[in-house]
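Here's the structure, in C-alpha cells; my notes come after.
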Amino acid sequence: MQAARQAVAAPPVGLGLDSAAVRARMVQKLAAGGITSPAVLQAMGAVERHRFVDSALVNQAYEDTSLPIGLGQTISKPSVVARMCELLLGAEGARAGGLGRVLEIGTGCGYQAAVLSLLAREVYTLERLRGLHDRARDNLRPFRLANVHLLFGDGMLGYAKGAPYAAIIAAAGGDAVPQAWCDQLAVGGRLVAPMALSGGQQMLLVIDKTPHGLKQNVLEPVHFVPLKSGIA
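Oh and the sequence shown: position 180 is 190 in this note's numbering, straight run, nothing missing.
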C-alpha cells in the first residue's frame, strides 16, 4: 500500500499553482465538513483530482462539485467520495483488520478507484461504458497501481470471480440493490450505494452483512447518475 501511495502522489502537472497546497486546502474543508478518518483524509490529499478531469475543467478540480467526464457521467464531489469511503471503513470487518478486497461499481474516470487503492488491499472496479473504461485505464496507467483491477462489464452483475468482498461501493443509483451485490458481499462486509426510495429521492444506503442477514440503514439524500444494466 505504501508503494501505491507513492505512485498516486506523483509530481503535479497541468496547474499553474502548487497542487499539494490546493489539495491540502481541500482536505481541510473535508475535515471541517465532518470527515474524521485520518486514512480517508490522507488518501484524499494524496490523489491529484486534476489528473482525472478534462483540461478545460482543471481549475475546478479541487472544488467540492461534481464535474462531467463524458458519456453523460460525472466525477463525484470530493465530499461524497470521502463520505462513502469513510462509511466503508466503519464496517465491522474493516474496523477489525482494515479494508481487504473492495468492489467498485462504476469506475468512471478512475478517481475513486485511486482513492480506494490507498485504503484497501485490493480494488476491483467495474465500468459498463467502454469509453470510460478506456479513459480510466489511461488515467490510472501512470500511477502503476498494482492493487487496482479495471474490469469492463455490467456492474449490476457484480464480479463473482473476485468475491467475497469486504466492501462494495456504487457510483450510480437504482431502484433496488442488485441481489448479486448482496450475494458477493462477505459476512462482516459493508455495501454503500445510492438508491432511489419512495418518491424517487436518491438516498445513501448502507447495508451490513451479518451472520444473521442484512442490516440496512438509510442516510442522507444524494444525487448520482442512474444505475443501468448491460454494456455500451
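The beta carbon of each residue, even a glycine, is placed where N, CA and C say it ideally should be.
{"Query": "L98 - DSSP class collapsed to helix/strand/coil", "Result": "helix"}
{"Query": "Same chain only: Cβ atoms within 6 Å of K225, ignoring 5 sequence neighbours per side", "Result": "D218"}
{"Query": "Minimum C-alpha distance to A170 - residue among N157, Q189, A182", "Result": "Q189"}
{"Query": "Backbone secondary structure at G198 - three-state DSSP", "Result": "strand"}
{"Query": "Cβ-based burial, M54 [other Cβ within 10 Å; buried from 16]", "Result": "buried"}
{"Query": "Neighbourhood of P22 by C-beta distance below 8 Å, restricted to the same chain and skipping five residues each side", "Result": "The pLDDT assigned to P22 is 40, lower than 50, so where the model puts this residue is not dependable; a value taken from the coordinates is nonetheless given after this. Cβ within range, chain order: D28, S29, A30, E58, H60."}
{"Query": "Three-way DSSP call (helix, strand, coil) for Y121 in this model", "Result": "helix"}
{"Query": "L129 beta carbon near the ligand NAD (any heavy atom closer than 8 Å)", "Result": "In the structure on display, the ligand NAD does not appear, and there are no ligands present to speak of."}
{"Query": "Three CB pairs or more closer than 8 Å across the region 102-113 and the region 76-85", "Result": "no"}
{"Query": "Contact the region 118-126 vs the region 62-72: 3+ CB pairs below 8 Å", "Result": "yes"}
{"Query": "Cβ-Cβ distance between S89 and K39 below 9 Å", "Result": "yes"}
{"Query": "Cα-Cα separation, R151 to P48", "Result": "26 Å"}
{"Query": "Simplified DSSP state of N227, which is helix, strand or coil", "Result": "strand"}
{"Query": "Whole runs of the alpha helix (DSSP H) within the region 28-78, excluding any shorter than 4 residues", "Result": "29-42, 48-56"}
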